[in-house]
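Below is one structure, written out as structure tokens, with a few remarks after it.
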Amino acid sequence: MKPLRITQQGIVFSIFVVLFVVFAVFLQGFLSTSNMLTLLQNVAVLGILGLGMAIVVIGRGIDLSLVAALAVPPGLVLQLVQNGHSLSYALGVAALLTLAFGLINGWLIAYAEVPSIFATLASGLFLAGLGQTALFELDVVQWSPGMEGFEKLGQGTVLGIPIRSSCSPGCAW
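This note's numbering puts the first residue of the sequence shown at -8, with every later residue one more than the last.
Quick look at the structure:
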């Protein structure tokens, strides 16, 4: 008989199963449809980041700038709208910042031959520092009245799957 081989993936999955069962037993409403959808929506960002990191790792690299690239452009959109700019202008500026950031990272790694761990560590720290010192006036950027219409992007359904963050009274989940 073959001995049981414990892997890191098996340990993580076992912990997940134990926590899921404990929460299902002791937390009322944990297994409800709205709670499961909320949990999935809350971890979707981590899944997207994980997918991006998986692609980088498959290409034999590492990217330590993903979190800064995720946090700074949306914060810039909020700050620009709060400062009175239009939503389309703010989205354009944030998209250009993201594009420039990605191109610089790619150039440093592909052409300047800087190891990806160092290039992305430095560029991530630079972008986070740029956001804190030059782009954002406060550590917390508020949702401004100029953002009307933006929240509609996260509502509705795709292939019958709801993509909104909560269910209003009377909705048909």
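The beta carbon of each residue, even a glycine, is placed where N, CA and C say it ideally should be.
DSSP lists Ile152 as the beta-bridge partner residues of Val149.
Ranked by Cα distance from Leu129, the first of Gln70, Leu18 and Ile2 is Gln70.
Counting the other Cβ atoms within 10 Å of the Cβ of Thr111 gives 16 or more, which makes it buried. In the DSSP annotation of this structure, the continuous segment of the alpha helix (DSSP H) that includes Gln0 starts and ends at Gln(-1) to Phe17. The region 43 to 62 and the region 73 to 82 do not touch, with fewer than three beta-carbon pairs separated by less than 8 angstroms. Per DSSP, reduced to three states, the secondary structure at Ala86 is helical. Here Gly93 is exposed. Its C-beta has fewer than 16 other C-beta atoms within 10 Å.
Leu150 and Gly38 have their C-alpha atoms some 20 angstroms from each other. Within the model, the alpha-carbon separation for Ala15 versus Ser25 is close to 14 angstroms.
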